[in-house]
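Engineer: Provided herewith is a single structure, encoded as structure tokens, for subsequent inquiry.
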Amino acid sequence: ETAVFQTPNYHVTQVGNEVSFNCKQTLGHDTMYWYKQDSKKLLKIMFSYNNKQLIVNETVPRRFSPQSSDKAHLNLRIKSVEPEDSAVYLCASSETGDTEVFFGKGTRLTVV
Amino acid sequence: QQKVQQSPESLIVPEGGMASLNCTSSDRNVDYFWWYRQHSGKSPKMLMSIFSNGEKEEGRFTVHLNKASLHTSLHIRDSQPSDSALYLCAAPHDTNAYKVIFGKGTHLHVLP
């Protein structure tokens, strides 16, 4: 049973548009993440938050901005999407930074 | 930059056969690993973790860890078609616990 909930499941948009993805976890975890999984299934961390504080901000374009209102929610906004942003975006959470990571079902973004 | 390297990239085994997957970390401070499994169209889920040198068995799955060589392996005996999936090895980041590093994965195909 998934306890990390993401919306939407899919999103198709045009180059230059802005998109927002939502994520909520009901596990009571302190840490949340955004990962990007490309077409080759490579999983790369983008951001991680601990108790709604940004801890990790990998080298991602500035058009990506995470937003956390509380430790159970972590959203992702992409301003002016590019074709290379097409991927599956996986939200995840863990109890602390170095424990098992639980993933949501992902949001598949297609930029046309 | 810390890396988690997996081999082989792809593996085909007959139903009932043994599948052996390998994983190595480039960071000498890493001394535990996770194995995740991702079925097609699904999100990754943790399969097993290993924190101590030696072997850990759960049903048909056995994980080995050799801390001295920074190497872990996953062995699946009596492989089933339902085991066909992407297997991801993960390790904690050497300096930042909030940054789990994933390998590129091994695509396992079990042929009926």
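For the record, the sequence lines run as chains A and B.
Sequential numbering of the first sequence, starting at 1, is according to this note's numbering.
Sequential numbering of the second sequence, starting at 1001, is according to this note's numbering.
Backbone N, C-alpha and C fix where the C-beta goes; we use that ideal spot for every residue, glycine too.
1) At what residues does the beta strand (DSSP E) containing residue 1032/B begin and finish?
2) Are the Cβ atoms of residue 1013/B and residue 1079/B separated by less than 7 angstroms?
3) Would residue 1037/B and residue 1085/B be called neighbours here (beta carbons separated by less than 7 angstroms)?
4) Find the nearest neighbour of residue 93/A within the set 40/A, 21/A, 27/A, judged by alpha-carbon distance.
5) Expressed to the nearest angstrom, what Euclidean distance is found between the alpha-carbon atoms of residue 1105/B and residue 14/A?
6) In whole angstroms, what separates the C-alpha of residue 98/A from that of residue 31/A?
7) Going by Cα to Cα distance, which pick from 1082/B, 1107/B, 1089/B is closest to residue 1015/B?
8) Mind checking which residues open and close the beta strand (DSSP E) that includes residue 49/A?
9) Secondary structure at residue 61/A, three-state DSSP: helix, strand or coil?
10) Could you say if the region 1092-1109 of chain B and the region 41-58 of chain A meet the contact criterion of at least three C-beta pairs nearer than 8 angstroms?
11) Going by the DSSP bridge assignment, what does residue 1045/B pair with across the sheet?
12) For residue 6/A, which of 96/A, 24/A, 69/A has the nearest alpha-carbon?
13) Going along chain A, which residues have a C-beta under 8 angstroms from residue 1049/B?
14) Assuming the contact rule is C-beta atoms closer than 8 angstroms, residue 66/A and residue 75/A should be a hit. Round their C-beta distance to whole Å, please.
15) Identify each residue in the region 1091-1102 of chain B for which the Cβ-Cβ distance to at least one residue of chain A is less than 9 angstroms, and report them in chain order.
16) Kindly indicate the opening and closing residues of the beta strand (DSSP E) around residue 32/A.
17) Tell whether a beta-carbon distance below 7 angstroms holds between residue 1088/B and residue 1024/B.
18) Cβ of residue 4/A versus every heavy atom of the ligand GTP: is any distance shorter than 6 angstroms?
Structural biologist: Walking through what the data contain:
1) Element bounds for residue 1032/B: n/a, residue is neither H nor E.
2) Contact flag set, yes.
3) If you check the CB distance, residue 1037/B and residue 1085/B come in under 7 angstroms.
4) The residue with the shortest Cα to Cα distance from residue 93/A is 27/A.
5) So the two alpha carbons sit approximately 31 angstroms from each other.
6) Those two C-alpha atoms are separated by around 10 angstroms.
7) That would be 1082/B, whose Cα lies nearest to the Cα of residue 1015/B.
8) Unbroken beta strand (DSSP E) run through residue 49/A: 43-50.
9) Three-state result, residue 61/A: coil.
10) The region 1092-1109 of chain B, when compared against the region 41-58 of chain A, does touch it at the 8 angstroms Cβ threshold.
11) Partner(s): 1037/B.
12) Among 96/A, 24/A, 69/A, the Cα nearest to that of residue 6/A belongs to 24/A.
13) Per Cβ cutoff of 8 angstroms: 100.
14) The pair is a contact, with the Cβ atoms about 7 angstroms apart (cut-off 8 angstroms).
15) Within the region 1091-1102 of chain B, the qualifying residues are 1092, 1093, 1096, 1097, 1098, 1099, 1100, 1101, 1102.
16) 31-37 is the span of the beta strand (DSSP E), which, as asked, contains residue 32/A.
17) The Cβ atoms of residue 1088/B and residue 1024/B do not sit closer than 7 angstroms to each other.
18) Inclusion of the ligand GTP in the displayed structure is not the case, the ligand content being empty and no account of it being possible.
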